[in-house]
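Inspection log for the structure reproduced underneath, given as C-alpha cells.
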Ligand code: PGA
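Numbering (the numbering used here), first residue to last: 5 to 257.
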C-alpha cells in the first residue's frame with residue numbers, strides 16, 4: 005500500500021508573512037488527515053518560517069528547487085545542506101524550471117543524486133508539451149525523462165523517490181488530463197520506465213503523482229485510479245482548497 009501524497013507547489017507566491025498566516029489556517033486540517041502525506045513547498049525565503057509553523061504536525065515541507073553543488077560561487081542558488089534543516093522534500097525538474105531556467109535532464113539527475121545524498125526526498129517532475137502530446141511522442145519523451153533522472157541512482161534509494169507526471173499543457177490552464185490518460189501514462193510509461201531500470205517491485209513501491217490543474221473537484225477521480233498516488237498542486241494549493249484536496253485523497257476502505 006502506497007500512502008497518498010498531496011504536495012502544494014506555491015511557486016513564486018506568498019511573502020513570509022502571508023505564508024505563515026496561511027499555514028496557521030490550514031495546518032490543523034492537514035494534520036487531521038493522518039492517512040495522507042501533505043507537503044507544503046513555499047519559496048526559499050519562507051522555508052524556515054513554514055517549517056516553524058508546521059512543527060509538531062505531520063505536515064511536510066519541501067523546497068521548489070536547489071542546486072547540486074555543496075557550496076561555492078553559484079550566485080542566487082541554495083545548496084542541499086542549506087534547505088535540509090527546513091525540508092524533507094525537494095521538487096526537482098519542474099517544467100517551469102526546465103522552460104525558463106535552463107534545467108536539463110542532466111542537471112535534474114545531478115540534483116536527484118545530491119538530494120538523496122542529503123536525505124531529502126526528491127519530487128521529480130516529468131511531462132510532455134502539447135506539441136509532443138499531439139504528435140504522439142508522450143510515451144517516449146516521458147520515459148526518457150524518467151530514465152535520465154534516475155541514471156546511476158541505486159534501487160534502494162529509487163523506491164523512496166516521488167515522481168510527478170505533469171503534462172505541461174495542463175499546468176495552470178484549467179485543462180486537466182483525463183484520469184484515464186494520466187493513469188495510463190503513470191502506470192505504463194512512468195512505472196514502466198522504473199520497472200525497466202529496477203524491476204517491477206521497485207516500480208510498485210515508488211509513488212507517482214499527477215499534476216496539472218488538479219483541484220478539489222477532480223482529485224477524488226485521480227485518486228480512484230490505482231496507479232495515481234497523489235497530486236502536485238499549483239494554483240489550488242494557495243487556498244483552503246488544498247485542505248479539501250488532502251481530505252479527498254484519503255484511502256477509501
Ligand atoms: P497547477 O500547477 O495545479 O496550477 O496546474 C501544477 C504544477 O505546476 O505543479
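A virtual CB, placed ideally from N, CA and C, is assigned to each residue, including glycine.
Keep in mind it's a predicted model, so treat the numbers as computed, not measured.
Among 210, 37, 104, the one whose alpha carbon lies nearest that of residue 150: Taking the first residue of the chain shown as 1, we reach residue 150 at position 146. Of the candidates 210, 37, 104, the one whose C-alpha sits nearest the C-alpha of residue 150 is 210.
Residue 293, buried or exposed, once every other Cβ within 10 Å from all chains shown has been counted against 16: Nothing can be reported for residue 293, as the shown portion of the chain is limited to 5 through 257.
Burial state of residue 256 (16 or more Cβ within 10 Å): Residue 256 sits at position 252 when you count from the first residue of the chain shown. Per the 10 Å Cβ criterion, exposed.
Cβ-heavy atom distance, residue 216 to the ligand PGA, below 7 Å: Working through the chain shown from its first residue, we reach residue 216 at position 212. Indeed, a heavy atom of the ligand PGA lies less than 7 Å from the Cβ.
Residue 36 to residue 140 span [Cα, whole Å]: Indexing the chain shown from 1 puts residue 36 at position 32. Indexing the chain shown from 1 puts residue 140 at position 136. Roughly 42 Å between the two C-alpha positions.
Whole-number beta carbon distance between residue 219 and residue 171, since they are thought to touch under 8 Å: Reading the chain shown from its first residue, position 167 is the one you call residue 171. Reading the chain shown from its first residue, position 215 is the one you call residue 219. At roughly 15 Å, the Cβ-Cβ gap does not stay under 8 Å, so residue 171 and residue 219 are not in contact.
Which listed residue (163, 147, 229, 154) has its alpha carbon closest to that of residue 182: On the chain shown, residue 182 is found 178 positions in, with the first residue counted as 1. For residue 182, the nearest C-alpha among the options comes from 229.
Cβ-Cβ distance between residue 44 and residue 24 below 8 Å: For the purposes of this step, residue 44 is taken as residue 40 along the chain shown, with counting starting at 1. For the purposes of this step, residue 24 is taken as residue 20 along the chain shown, with counting starting at 1. Not closer than 8 Å, so no.
Straight-line gap, residue 39 to residue 8 (C-alpha atoms, nearest Å): The residue labelled residue 39 in the question sits at position 35 within the chain shown. The residue labelled residue 8 in the question sits at position 4 within the chain shown. Roughly 7 Å between the two C-alpha positions.
First and last residue of the uninterrupted beta strand (DSSP E) at residue 41: Here residue 41 refers to the residue found at position 37 when the chain shown is read from its first residue. First-last of the beta strand (DSSP E) with residue 41: 41 to 45.
Cβ-based burial, residue 49 [other Cβ within 10 Å; buried from 16]: Taking the chain shown and counting its residues from 1, the one referred to as residue 49 is at position 45. That one is exposed.
Among 197, 196, 191, 155, the one whose alpha carbon lies nearest that of residue 214: Position 210 of the chain shown, counting from 1, holds the residue named residue 214. When the alpha-carbon of residue 214 is set against those of 197, 196, 191, 155, the nearest one is in 191.
Three-state class that DSSP yields for residue 242 in the structure shown: Counting from 1 along the chain shown, the entry for residue 242 is found at position 238. The DSSP-derived three-state label of residue 242 is helix.
Classification of residue 85 by the beta-carbon crowding that lies within 10 angstroms, buried from 16 upward: One-based indexing of the chain shown puts residue 85 at position 81. Looking at its Cβ environment, which holds fewer than 16 other Cβ atoms inside 10 Å, residue 85 is exposed.
Residue 189 vs residue 169 beta-carbon contact at 8 Å: Translated into the one-based positions of the chain shown, residue 189 becomes position 185. Translated into the one-based positions of the chain shown, residue 169 becomes position 165. Against a cut-off of 8 Å, the Cβ pair of residue 169 and residue 189 comes out as a contact.
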